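Peer 1:
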Amino acid sequence: MAQDERAPLRLTIELVPETCWYSNLRDVLPRPAWDTLRRQVYAASGYRCGICGAKGTLHCHEVWHYDDQTHIQRLEGFRALCTLCHHVKHIGLAGLLASQGKLDYQAVVQHFLAVNGCSQAAFQQHYRAAFAEWRERSRVEWQTDLGDFTPPASTNDARQGPA
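For what it's worth, this note's numbering labels the leading residue of the sequence shown as 1, then goes sequentially.
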């Protein structure tokens with residue numbers, strides 16, 4: 001049964017503005033701290049994808065809020081995602097991986113359709129809107145606010161190495 005095309009999608013595309021690439025907590029924390037955090041996220045989700053419920057390999061997805069007025073990206077939390085849901089979230093990267101022969105892009109699109117119970121036309125509409133928003137947001141520089149997840153100064157200093 002197809003989803004009402006006006007109903008909210010369970011699985012959406014969330015493209016990170018180009019000017020924010022590599023601005024994330026995973027790249028700030030030491031690897032052992034990130035591993036501890038992601039394992040906590042997986043446990044909190046019952047070791048299932050937080051969107052489709054799949055078991056298996058999980059990824060720790062950072063959930064961001066973008067304030068289009070102040071140009072601040074704020075980390076709001078984390079969500080355990082299966083590989084396919086995570087590829088949908090970052091479908092631009094999925095396209096790049098597919099072009100390198102490292103990913104079946106159609107499997108990613110089919111996963112979007114199945115999880116949302118929607119048509120190819122609904123996917124295309126959502127895809128176009130997500131990329132239009134990405135292009136607009138990529139035109140400006142963003143400040144990154146790690147919010148409650150900001151590591152202590154000593155953690156940041158340790159990652160940067162000696163002065």
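By construction, the Cβ of each residue, glycine as well, lies at the ideal position given by its N, Cα and C atoms. This one's a predicted model, so the numbers in the text were calculated from it and none came from an experiment.
1. I need the DSSP call for T144, collapsed to helix, strand or coil.
2. Within 10 angstroms of the Cβ of G50, are there 16 or more other Cβ atoms? Answer buried if so, exposed if not.
3. Report the CB separation of H59 from T83 in whole angstroms; it is logged as a contact under 8 Å.
4. Do you know how far the Cα of D145 is from the Cα of A158?
5. Between which two residues does the alpha helix (DSSP H) carrying D35 extend?
6. Checking 7 Å against the spacing of the C-beta atoms, do G81 and A94 come in under that value?
7. Nearest-angstrom Cα distance between C52 and T12?
8. Are there three or more Cβ pairs, one per stretch, closer than 8 Å when the region 25 to 45 is compared with the region 96 to 115?
9. By the 10 Å Cβ neighbour count, where 16 or more other Cβ atoms means buried, how is V88 classified, buried or exposed?
10. Name the DSSP beta bridge partners of H86, please?
11. Would you mind working out which of R137, C118, L75 and Y105 sits nearest P151, comparing C-alpha positions?
12. Excluding the 5 residues preceding and the 5 following P17 in the sequence, name in chain order all residues of the same chain whose CB lies nearer than 7 Å to its CB.
13. Where does M1 land, buried or exposed, given buried means 16+ other C-beta within 10 angstroms?
14. Can you name, in chain order, every residue of its own chain whose Cβ lies under 6 Å from the Cβ of R79, other than the five neighbours on each side?
Peer 2: Looking at the atomic coordinates:
1. Taking the sequence shown and counting its residues from 1, one reaches residue 144 at position 144. T144 falls in the strand class under three-state DSSP.
2. Taking the sequence shown and counting its residues from 1, one reaches residue 50 at position 50. Classification of G50: buried, given that the 10 Å Cβ count is 16 or more.
3. Taking the sequence shown and counting its residues from 1, the one referred to as residue 59 is at position 59. Taking the sequence shown and counting its residues from 1, the one referred to as residue 83 is at position 83. Right, their Cβ atoms sit about 7 Å apart.
4. Here residue 158 refers to the residue found at position 158 of the sequence shown. Here residue 145 refers to the residue found at position 145 of the sequence shown. Legend: pLDDT at A158 = 40, less than 50; position of this residue unreliable, value from coordinates given subsequently. A direct Cα-to-Cα measurement between A158 and D145 gives close to 19 Å.
5. In the sequence shown, residue 35 corresponds to position 35, counting from 1. Per DSSP, D35 belongs to the alpha helix (DSSP H) from R31 to A44.
6. Your numbering for residue 81 matches position 81 in the sequence shown. Your numbering for residue 94 matches position 94 in the sequence shown. Reading off the sequence shown, one finds Leu at residue 81, where the question assumed Gly. Not closer than 7 Å, so no.
7. Here residue 52 refers to the residue found at position 52 when the sequence shown is read from its first residue. Here residue 12 refers to the residue found at position 12 when the sequence shown is read from its first residue. Rounded to whole angstroms, C52 to T12 spans 12 Å at the Cα level.
8. no
9. Residue 88 sits at position 88 when you count from the first residue of the sequence shown. Per the 10 Å Cβ criterion, buried.
10. Here residue 86 refers to the residue found at position 86 when the sequence shown is read from its first residue. Answer by DSSP bridge pairing: none, since H86 is not bridged.
11. If you number the sequence shown from 1, residue 151 lands on position 151. Ranking the options by Cα distance to P151, first place goes to L75.
12. Numbered from its first residue, the sequence shown carries residue 17 at position 17. If we look at P17 and ignore the five residues flanking it on each side, its Cβ neighbours are W134, R137, S138 and W142.
13. Walking along the sequence shown from the start, residue 1 turns up at place 1. With a pLDDT of only 41 at M1, under 50, the local geometry of the prediction cannot be trusted, and no value is derived from it.
14. Stepping through the sequence shown from its first residue, residue 79 is reached at position 79. These residues qualify, in order along the chain: G50, H61 and V63.
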